[in-house]
Amino acid sequence: MTQEAAIVTIRPERETMTRQRLPNFVGVSQATAGSAALAMNVVIIPAGAAAEAHLHRGYETAIYLLSGRVQTFYGDGLGQSVINEAGDFIFIPANVPHQPVNLSQTEAAQAIVARNDPNEQESVESYAPAGMRQNLQQTLQALTTQLNEKHHALDRFAHQPAATNLIDAEIDQLETQIRVTKARLAVLVTDLP
16 MTQEAAIVTI RPERETMTRQ RLPNFVGVSQ ATAGSAALAM NVVIIPAGAA
66 AEAHLHRGYE TAIYLLSGRV QTFYGDGLGQ SVINEAGDFI FIPANVPHQP
116 VNLSQTEAAQ AIVARNDPNE QESVESYAPA GMRQNLQQTL QALTTQLNEK
166 HHALDRFAHQ PAATNLIDAE IDQLETQIRV TKARLAVLVT DLP
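Each residue of the sequence shown is one higher than the one before, counting from 16 in the working numbering.
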């Protein structure tokens, strides 16, 4: 008679830190459940924080965003981005560099992450193309210059409410872009060869 497979329940009691520098509650994995082809965890991106840029060598990732708004930079040089919000399903193909950033300064973003890698962190590789730090610093400088120009414009148009409302919205967008760029710089690994 063959032994019947058992259902395994995992109740993670404490968070661990991922290689991407994010809090994580390990759920299903080879280590916790004997999984042969799947890992599933809850990942948290703290308010205003970013993951280290990385890729999953040879493994696909599926994400369900439980809460928050996250901008994910992806692709060669992390030159593309997408913004997702609670309720979105996200698919990241194998080997695609990516870096999620929480757009909220006050609330954590939470997601369920599933990967066809039962060892959950074994396929994670840091991603830092040559010149990335310099590019982000230049972006930050350009955004700061634009922000200063918008503040000067706000002073010039103080007597025109419609213009000031538009400028205020542009200032908010620039401030968000500055926060995102600073968060990305904060977790950037040394440029890899």
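No residue lacks a Cβ here, since even glycine has one placed at the ideal position from N, Cα and C.
- When the Cβ atoms of the segment 151-164 are set against those of the segment 193-202, are three or more pairs found closer than 8 Å? yes
- Query: Near F40, what residues of its chain come up, given a Cβ to Cβ distance below 7 Å and the 5 sequence neighbours on each side ignored?
  - Reply: P27, E30, N56 and V57
- Query: In its own chain, which residues sit with a C-beta less than 7 Å from the C-beta of Q125, not counting the 5 before and 5 after it?
  - Reply: V57, I59, L81, S82 and G83
- Distance between H69 and S44 (C-alpha atoms, nearest Å): 20 Å
- Could you give the distance in angstroms between the alpha-carbon of E122 and the alpha-carbon of V85? 11 Å
- Is it right to say I22 is buried, meaning 16 or more other beta carbons lie within 10 angstroms of its own, or is it exposed? exposed
- Where the beta strand (DSSP E) containing T87 begins and where it ends: R84 to Y89
- Throw me the rounded Cβ distance for the F88 and Q114 pair, which I believe falls under 8 Å. 5 Å
- Message: Going by C-alpha to C-alpha distance, which of A145, M32, Q192 and N131 sits closest to T159?
- Response: Q192
- Query: Along the chain, where does the alpha helix (DSSP H) that runs through H167 open and close?
  - Reply: It spans M147 to R171 - the alpha helix (DSSP H) in which H167 sits, taken as one unbroken run.
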